[in-house]
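Take a look at the structure below.
There are 2 protein chains.
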Amino acid sequence: MKRIGKQTLEFTTPPKIESHGAIGGKKEAGGPLAADFDQTFQDTSLQTESWEKAEAQLQKEAVAVALAKAGRKPGDLDFLLAGDLLNQCISSTFGLLDYNVPFLGQYGACSTMAQTLLMASVLVDSGAARRAAAVTSSHFCSAERQFRTPLEYGAQRTPTAQWTATAAGCAVVSTQGPITVQKGLAGKIVDLGVKDPANMGAAMAPAAADSIYQFLQDTGTGPQDYDGIYTGDLGQVGTDLLYQTLEQNGLDIRARHQDCGLLLFDCGSQDVHAGGSGCGCSASVLCGHILNRMEAGGLKSILFCATGALMSPTSSQQGESIPGICHILHLTR
Amino acid sequence: MKRIGKQTLEFTTPPKIESHGAIGGKKEAGGPLAADFDQTFQDTSLQTESWEKAEAQLQKEAVAVALAKAGRKPGDLDFLLAGDLLNQCISSTFGLLDYNVPFLGQYGACSTMAQTLLMASVLVDSGAARRAAAVTSSHFCSAERQFRTPLEYGAQRTPTAQWTATAAGCAVVSTQGPITVQKGLAGKIVDLGVKDPANMGAAMAPAAADSIYQFLQDTGTGPQDYDGIYTGDLGQVGTDLLYQTLEQNGLDIRARHQDCGLLLFDCGSQDVHAGGSGCGCSASVLCGHILNRMEAGGLKSILFCATGALMSPTSSQQGESIPGICHILHLTR
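Line order of the protein sequences matches chains A and B. Our numbering applies: residue 20 is where the first sequence begins, and numbers increase by one. Our numbering applies: residue 20 is where the second sequence begins, and numbers increase by one.
Spelled out as structure tokens, the structure:
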């Protein structure tokens with residue numbers, strides 16, 4: 020691969036997305052993208068004893084579905100790249116343990132799908148892997164009790180709050196497949212001082228603006244060169260801030276932009292306030308809706324720009340702001 | 020790069036460790052490796068307001084020292100690869116925020132130094148990076164209150180417990196430098212059912228045995244082919260179990276093996292029970308003691324086998340066992 024401009028990588032023997040799987044929970048199955056999931060669970064405990072174990076199961080299922088669709092078995096994978104929002108990424112560890120595949124834990128908060136896919140692409144392009152899987156997950160109930168309050172408290176949510184998706188997505192990357200990973204960009208940590216953990220969209224928007232602007236600069240392209248520019252989970256508040264920030268830099272992406280957090284749920288009827296969020300949000304929208312549309316021919320060239328908020332409850336309690344990050348992949352059919 | 024055997028990568032335009040930095044706290048400065056640290060702090064709060072902020076500062080200092088020794092500035096880095104033990108890896112985020120370098124968060128628990136160095140080497144070897152830094156940290160006080168009990172409780176430690184190092188290590192990888200990264204191996208998650216969070220060495224030993232055995236098989240080499248085989252932080256209990264497990268597979272590594280957790284502290288006089296641990300343990304021993312000895316000529320060819328326990332307090336409270344992982348790098352002068 021080669022470097023273009025300041026931050027962008029261009030894959031020279033471009034890695035391909037061989038197959039992909041999207042798993043969702045009950046609310047996701049009741050949303051606008053229901054038909055794009057490979058599997059949904061009406062029982063959000065997935066018949067496990069805890070929300071954390073349920074989330075691990077989501078990740079396990081996502082890999083199983085993606086492998087099955089490619090006609091592959093776990094032994095065909097040289098690496099599993101995964102991460103999640105739970106402390107010490109236990110959904111990934113316990114969800115993927117049984118696959119017995121070399122494991123590289125990634126932490127990018129809600130940007131994890133883009134990060135794992137970027138690293139899997141680097142491994143395949145460089146010859147380090149013949150085939151690698153990128154996977155991540157989130158679960159509304161495990162995220163609420165870890166990051167906010169246990170569900171049993173019945174806490175009220177602010178209008179800027181987003182709803183953590185109960186979902187997982189997995190993409191299998193190899194040298195053959197219908198979708199090509201053309202380019203990638205690893206984002207910088209960007210912190211403009213937002214401190215409200217109930218407004219993640221605002222915290223992540225500056226990072227999305229920074230990475231999108233840099234990618235377009237590096238590649239000498241504009242929004243019109245893509246059929247879609249998909250951000251991870253900025254939700255309504257973050258999306259508005261992204262438009263404002265890019266406009267200050269002379270860029271208008273409105274005609275091409277969609278946000279995974281606004282696609283996954285119907286904000287009005289599903290009571291999710293500012294939109295969806297969580298690693299599983301952009302992961303399942305990419306590995307379901309977006310890649311399905313690309314394969315069906317509706318989309319030829321897109322940017323997948325997953326965003327993450329690199330905070331913890333401890334950092335917020337200690338008065339720290341919420342730094343964001345955004346990694347980008349350019350995918351074509 | 021090319022693949023050898025089942026799991027090993029051989030770097031074909033081998034990446035080099037251009038420089039390295041090791042930072043330690045008060046106890047580390049009083050241990051056998053005191054002279055190998057580039058910087059030590061008698062005030063383990065590093066004049067910050069919290070243990071978490073102190074740990075972030077350790078990481079910041081490690082990168083600063085490594086860059087300074089190479090005569091480089093942050094802008095010379097194409098990527099920062101980092102991770103740590105704190106929930107959502109906040110030491111890395113807040114410690115490295117100001118460097119303004121594309122960031123890829125890695126989570127391998129105490130194996131993080133090997134994982135970040137492996138990924139940095141892949142990025143440099145493939146041409147994705149001209150220069151990348153691998154860094155990680157741990158802090159006794161932040162780890163105790165997050166994983167066990169706040170220090171103020173004065174809890175007693177079991178004989179199998181290990182002492183989390185207050186330390187950080189950073190290696191700068193590029194195409195020039197005195198140390199060559201020859202090969203690497205990403206480990207599988209290995210779980211033999213150990214459930215005692217006060218006996219991490221036992222939990223991680225099977226993963227170390229698995230990865231070391233596989234690396235030697237893949238490369239057709241034996242322990243005698245290396246000047247040193249350094250495990251991450253198995254401590255006394257884990258080291259004994261590693262020997263037993265490898266012997267059952269016909270391998271005796273005793274003559275070449277050392278454990279970073281047993282090198283960093285004098286277990287007898289420093290009251291650390293079974294040895295040192297934490298991401299910062301193997302990171303600072305590698306980026307101080309080991310690389311110093313390689314540069315001075317005492318060691319020509321070593322294996323660095325950092326181990327991690329992929330658990331969280333939540334997973335242990337829910338009755339899960341403690342899966343381990345071990346990533347390996349083969350370094351030569």
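Idealized CB from N, CA, C, for every residue including glycine. As the structure is a computational prediction, the values presented were derived from the model and not from experiment.
Does the beta-carbon of residue i have 16 or more other beta-carbons within 10 angstroms, so that it is buried, or is it exposed?
{"i": "B/A174", "result": "exposed"}
{"i": "B/P342", "result": "buried"}
{"i": "A/K25", "result": "exposed"}
{"i": "B/L348", "result": "buried"}
{"i": "B/Y245", "result": "buried"}
{"i": "B/K319", "result": "exposed"}
{"i": "B/G114", "result": "buried"}
{"i": "A/K92", "result": "exposed"}
{"i": "A/P225", "result": "buried"}
{"i": "B/N218", "result": "buried"}
{"i": "A/Y249", "result": "buried"}
{"i": "A/G188", "result": "buried"}
{"i": "B/N311", "result": "buried"}
{"i": "A/P216", "result": "buried"}
{"i": "B/Y118", "result": "buried"}
Counting only Cβ pairs nearer than 8 Å, list the residues of chain D close to residue i.
{"i": "B/Q337", "result": "In summary, chain D is missing from the structure at hand, where the protein chains are A and B."}
Does residue i come within less than 8 Å of chain A when only Cβ atoms are used?
{"i": "B/A205", "result": "yes"}
{"i": "B/F159", "result": "no"}
{"i": "B/I198", "result": "no"}
{"i": "B/F284", "result": "no"}
{"i": "B/D144", "result": "yes"}
{"i": "B/I248", "result": "no"}
{"i": "B/F113", "result": "yes"}
{"i": "B/Q107", "result": "yes"}
So the beta strand (DSSP E) residue i belongs to, where does it begin and stop?
{"i": "A/A152", "result": "A151 to S157"}
{"i": "B/L170", "result": "Taken as a continuous stretch (DSSP letters only), B/L170 belongs to no beta strand (DSSP E), as it is neither H nor E."}
{"i": "B/L28", "result": "T27 to E29"}
{"i": "A/D278", "result": "H276 to D278"}
{"i": "A/C189", "result": "A186 to S193"}
{"i": "A/L123", "result": "F122 to G124"}
{"i": "A/K35", "result": "K35 to G43"}
{"i": "B/L100", "result": "F98 to D103"}
{"i": "B/Y245", "result": "B/Y245 -> no beta strand (DSSP E), and no H or E assigned at all."}
Out of curiosity, what's the CA-to-CA distance linking residue i and residue j?
{"i": "A/S157", "j": "A/M223", "result": "18 Å"}
{"i": "B/T135", "j": "B/L100", "result": "5 Å"}
{"i": "B/Y262", "j": "B/A148", "result": "38 Å"}
{"i": "A/T131", "j": "B/S288", "result": "44 Å"}
{"i": "A/G299", "j": "A/A274", "result": "25 Å"}
{"i": "A/Q165", "j": "A/L105", "result": "7 Å"}
{"i": "B/I109", "j": "B/E71", "result": "8 Å"}
{"i": "A/S69", "j": "B/S334", "result": "10 Å"}
{"i": "A/I23", "j": "A/F122", "result": "29 Å"}
{"i": "B/S140", "j": "B/E37", "result": "12 Å"}
{"i": "B/Q233", "j": "A/T258", "result": "48 Å"}
{"i": "B/G241", "j": "B/L270", "result": "8 Å"}
{"i": "B/F98", "j": "A/E171", "result": "42 Å"}
{"i": "B/D210", "j": "A/L116", "result": "8 Å"}
{"i": "A/L65", "j": "A/Q76", "result": "7 Å"}
Cβ of residue i less than 8 Å from any chain B Cβ?
{"i": "A/T333", "result": "yes"}
{"i": "A/M330", "result": "yes"}
{"i": "A/D210", "result": "yes"}
{"i": "A/P216", "result": "no"}
{"i": "A/I231", "result": "no"}
{"i": "A/A53", "result": "no"}
{"i": "A/L350", "result": "no"}
{"i": "A/Q76", "result": "no"}
{"i": "A/F122", "result": "yes"}
{"i": "A/M132", "result": "no"}
{"i": "A/M223", "result": "no"}
{"i": "A/A227", "result": "no"}
{"i": "A/L136", "result": "no"}
Just reading off the alpha helix (DSSP H) that residue i is part of, what are its end residues?
{"i": "A/R312", "result": "L310 to A315"}
{"i": "B/E266", "result": "G254 to Q267"}
{"i": "B/S111", "result": "I109 to L115"}
{"i": "A/A73", "result": "W70 to A89"}
{"i": "A/K202", "result": "Careful: A/K202 lies outside any alpha helix (DSSP H), inside the beta strand (DSSP E) at I198 to L204."}
Contact list for the stretch 87 to 98 of chain B against chain A, Cβ threshold 9 Å: D97 and F98
Residues within the stretch 293 to 314 of chain B neighbouring chain A, beta-carbon criterion of under 7 Å: none
Where the stretch 172 to 193 of chain B meets chain A: residues whose CB sits under 7 Å from a CB there: none
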